[in-house]
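My numbering numbers the first residue of the sequence shown as 116 and each following residue consecutively.
The block underneath contains the structure these notes are about, expressed in structure tokens.
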Amino acid sequence: MAYNIFAETNKKINWEELNQRVAVKMFVEYFPMPGMGVNGGDALGISIPSKNLRNGTWEELKRAIETLKIEFQLDLYDMYYGLKIDSKLMDKIKANLTT
């Protein structure tokens, strides 16, 4: 099992830059999905394997979400709850990843 997040935009993502900024971590896996975002923009799958559930994973994911939202202007959706990620949902995600 894994905990999954879907991120999308209506723009093209600079995959090399994204890889340098977020995908060099240890516990979170990233899956580029060119052309699968809004109106032909790009998307990104994010997966946290169950074996990686720990506090360090939460810290890594939290930084990645902030980077993806702010620097890459992606909309992120939690696939467990089926909701767009906001500050309230971040607390629930943290609880799921650290218990």
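A virtual CB, placed ideally from N, CA and C, is assigned to each residue, including glycine.
On a predicted model such as this, the values are computed, not experimentally measured, just so you know.
| Query | Result |
| --- | --- |
| Over the uninterrupted beta strand (DSSP E) stretch that includes I86, give me the two end residues. | The structure shown has nothing for residue 86, since the chain only spans 116 to 214. |
| Going by DSSP, which residues form a beta bridge with K199? | Y192 |
| Can you give the Cα-Cα distance for T214 and I120, rounded to whole angstroms? | 18 angstroms |
| So, is I185 buried or exposed, given that buried needs 16 or more other C-beta atoms within 10 angstroms? | exposed |
| Are the CB atoms of A117 and P164 within a distance shorter than 7 angstroms? | yes |
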